[in-house]
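Number of protein chains: 2
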Amino acid sequence: MAKKNIDTPICAVDFAFRRIGGKYKGRILWYLHVHKVLRYGELRRSIIDITTKMLTQTLRELEEDGLVHREVYHTMPPRVEYTLTPSSRELIPFINHLRQWGDRQMEKEGIPAIGSSAECVIKDPC
Amino acid sequence: MAKKNIDTPICAVDFAFRRIGGKYKGRILWYLHVHKVLRYGELRRSIIDITTKMLTQTLRELEEDGLVHREVYHTMPPRVEYTLTPSSRELIPFINHLRQWGDRQMEKEGIPAIGSSAECVIKDPC
DNA sequence: TATCCTGGATACCAAAAAGTATCTATAGTT
DNA sequence: AACTATAGATACTTTTTGGTATCCAGGATA
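Residue numbers (numbering that gives the first Met the number 0), protein chains in the order written: chain B, 0 to 125; chain F, 0 to 125.
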């Protein structure tokens with residue numbers, strides 16, 4: 000009927016959605032923006048529904064695509080810090096727009112959320 | 000480890016990505032913005048990699064979420080027109096931002112695209 | 001010596017998303 | 001009577017994505 004799943008993006012919209020699609024990428028980028036820098040364990044605690052497998056996997060993909068920077072401190076116990084990159088910083092206004100739209104929409108439709116993305120603080124997870 | 004896939008969104012970012020995530024939703028919304036109104040067959044031809052199954056399915060989801068309006072004309076052969084809604088129109092600046100980011104990014108990385116999202120015209124598909 | 005901490009890795013499995021192929025109705029045209 | 005066109009529907013299969021459970025290193029601390 001149409002064609003098989005091809006690797007080259009069809010257009011810029013397709014390309015962009017491939018980069019930031021998936022269950023956790025948007026939230027990871029947003030939380031990194033809010034907190035400026037987060038350690039692995041902090042990310043894990045702020046994204047309450049993520050597993051270590053998905054967190055590691057998603058972070059690696061974001062790193063490969065130049066959307067997060069990974070800084071390793073060879074201490075014991077180890078310490079790894081994640082931050083946004085210039086490229087992903089350009090995405091923040093957009094994610095923020097989307098987030099506000101989501102807030103309005105949820106209020107309109109009376110949909111409750113488990114956490115809040117506005118005051119997205121560790122221990123009081125988003 | 001974490002919890003099962005739950006229905007209530009974790010936060011607004013999560014909610015928004017659930018609504019516009021997936022392989023085709025972004026493009027459908029963008030093309031509907033560019034063309035103002037598109038018939039079923041026009042959408043199918045402009046999204047070159049979509050099948051009728053996915054097009055129908057995705058349009059139905061968007062309609063259920065109040066992101067597209069479906070207007071049926073009971074003529075023969077039938078004629079069905081799709082347009083954006085007030086709610087999805089609010090998403091256009093964001094999708095446009097994302098699209099421009101994608102364009103810059105693809106150029107930087109030397110990634111070619113099959114079509115173009117800027118001049119997204121039917122017959123010269125995006 | 002045993003346990004805790006961090007930041008993962010890995011094998012295996014389940015669920016969700018997407019793809020393939022075939023079928024439909026109805027009217028007008030050839 | 002056969003063929004075209006539109007806008008899908010449906011059963012079935014494959015691919016992709018995400019989840020579960022368990023394991024690891026290596027120093028600090030009890």
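Ideal placement from N, C-alpha and C gives every residue a C-beta, glycine not left out.
>> Within 10 Å of its beta-carbon, does Pro8/B have 16 or more other beta-carbons around it, so buried, or fewer, so exposed?
In response: Translated into positions along the first sequence, residue 8/B becomes position 9. It is buried - the Cβ of Pro8/B has at least 16 other Cβ atoms within 10 Å.
> Mind listing which residues of the stretch 21-33 of chain B have their C-beta closer than 7 Å to chain F's C-betas, in chain order?
Replying inline: Hits within the stretch, in order: Gly25, Arg26, Trp29.
> Which partner residues does Thr82/B have in the DSSP bridge list?
Replying inline: One-based indexing of the first sequence puts residue 82/B at position 83. His68/B, per the DSSP bridge assignment.
>> With a threshold of 7 Å on Cβ separation, who are the neighbours of Arg78/F within its own chain once the five nearest residues in sequence on each side are excluded?
In response: The count along the second sequence starts at 1 and reaches residue 78/F at position 79. Closer than 7 Å at Cβ, skipping near neighbours: Arg38, Tyr72.
> Given a limit of 9 Å on CB to CB distance, which residues of the stretch 104-115 of chain F reach chain B?
Replying inline: Listed by position, the residues of the stretch 104-115 of chain F near chain B (Cβ gap below 9 Å) are Gln104, Met105, Lys107, Glu108, Ile110, Pro111, Ala112, Ile113, Gly114, Ser115.
>> Looking only at its chain, what residues have a beta carbon closer than 7 Å to the beta carbon of Arg43/F, apart from the 5 residues adjacent to it on each side?
In response: Working through the second sequence from its first residue, we reach residue 43/F at position 44. Ile49, Thr51, Leu54.
> With which residues is Arg170/F paired in a DSSP beta bridge?
Replying inline: Nothing about residue 170/F can be reported from this structure: the residues present for chain F run from 0 to 125 only.
> Taking Cβ-Cβ distances below 8 Å as the criterion, which residues of the stretch 81-99 of chain B are in contact with chain F?
Replying inline: Identification of residues in the stretch 81-99 of chain B having a C-beta nearer than 8 Å to some C-beta of chain F yields Ser86, Glu89, Leu90, Pro92, Phe93, Ile94, His96, Leu97, Arg98, Gln99, given in sequence order.
> What did DSSP end up calling Met75/B once you bin it into helix, strand or coil?
Replying inline: Taking the first sequence and counting its residues from 1, the one referred to as residue 75/B is at position 76. Note: Met75/B maps to coil in three-state DSSP.
>> Between Val67/F and chain B, is the shortest Cβ-Cβ distance under 8 Å, so that the two count as touching?
In response: Within the second sequence, numbered from 1, the residue matching residue 67/F stands at position 68. With 8 Å as the cut-off, Val67/F does not count as an interface residue toward chain B.
> Cα separation between Arg59/B and Ala15/F?
Replying inline: The count along the first sequence starts at 1 and reaches residue 59/B at position 60. The count along the second sequence starts at 1 and reaches residue 15/F at position 16. Cα to Cα, the separation comes out at about 23 Å.
> Under 8 Å between C-beta atoms, does Gly40/F make it to chain B?
Replying inline: Sequence index remark: in the second sequence, residue 40/F carries index 41 (1-based). Judged by the 8 Å Cβ criterion, Gly40/F is not in contact with chain B.
> Roughly how many whole angstroms lie between the Cα atoms of Ile110/B and Phe93/B?
Replying inline: Locating residue 110/B in the first sequence gives position 111, where the first residue counts as 1. Locating residue 93/B in the first sequence gives position 94, where the first residue counts as 1. Distance between Ile110/B and Phe93/B, taken at the CA atoms: about 22 Å.
> Which word fits Val36/B, buried or exposed, when buried means at least 16 other C-beta atoms lie within 10 angstroms of its C-beta?
Replying inline: Stepping through the first sequence from its first residue, residue 36/B is reached at position 37. Of the other Cβ atoms in all chains shown, fewer than 16 fall within 10 Å of the Cβ of Val36/B; this residue is therefore exposed.
> Around the Cβ of Thr74/B, are there at least 16 other Cβ atoms within 10 angstroms (buried) or fewer (exposed)?
Replying inline: The residue you call residue 74/B lines up with position 75 of the first sequence. Within a 10 Å sphere around the beta-carbon of Thr74/B sit fewer than 16 other beta-carbons, which makes this residue exposed.
> Whole alpha helix (DSSP H) runs in the stretch 3-33 of chain F with 4 or more residues, listed along the chain?
Replying inline: If we require 4 residues or more, the alpha helix (DSSP H) runs fully inside the stretch 3-33 of chain F come out as 11-19.
> When DSSP labels each residue in this structure, what does Ile127/B get in the three-state scheme?
Replying inline: Since the first and last residues shown for chain B are 0 and 125, residue 127/B lies out of range.
> How should Lys24/B be labelled, buried or exposed, when 16 other C-beta atoms within 10 angstroms of its C-beta is the threshold for buried?
Replying inline: Taking the first residue of the first sequence as 1, we reach residue 24/B at position 25. Buried, because 16 or more other Cβ atoms sit within 10 Å of the Cβ of Lys24/B.
> From Gly40/B to Leu66/B, what does the alpha carbon distance come to, in whole angstroms?
Replying inline: On the first sequence, position 41 is the one that residue 40/B refers to. On the first sequence, position 67 is the one that residue 66/B refers to. Near 19 Å, if we compare the C-alpha coordinates of Leu66/B and Gly40/B.
> For Cys125/B, is the classification buried or exposed, using 16 other Cβ atoms within 10 angstroms of its Cβ as the cut-off for buried?
Replying inline: Locating residue 125/B in the first sequence gives position 126, where the first residue counts as 1. With a pLDDT of 42 at Cys125/B, under the threshold of 50, the modelled position of that residue is not reliable, and no figure is offered here.
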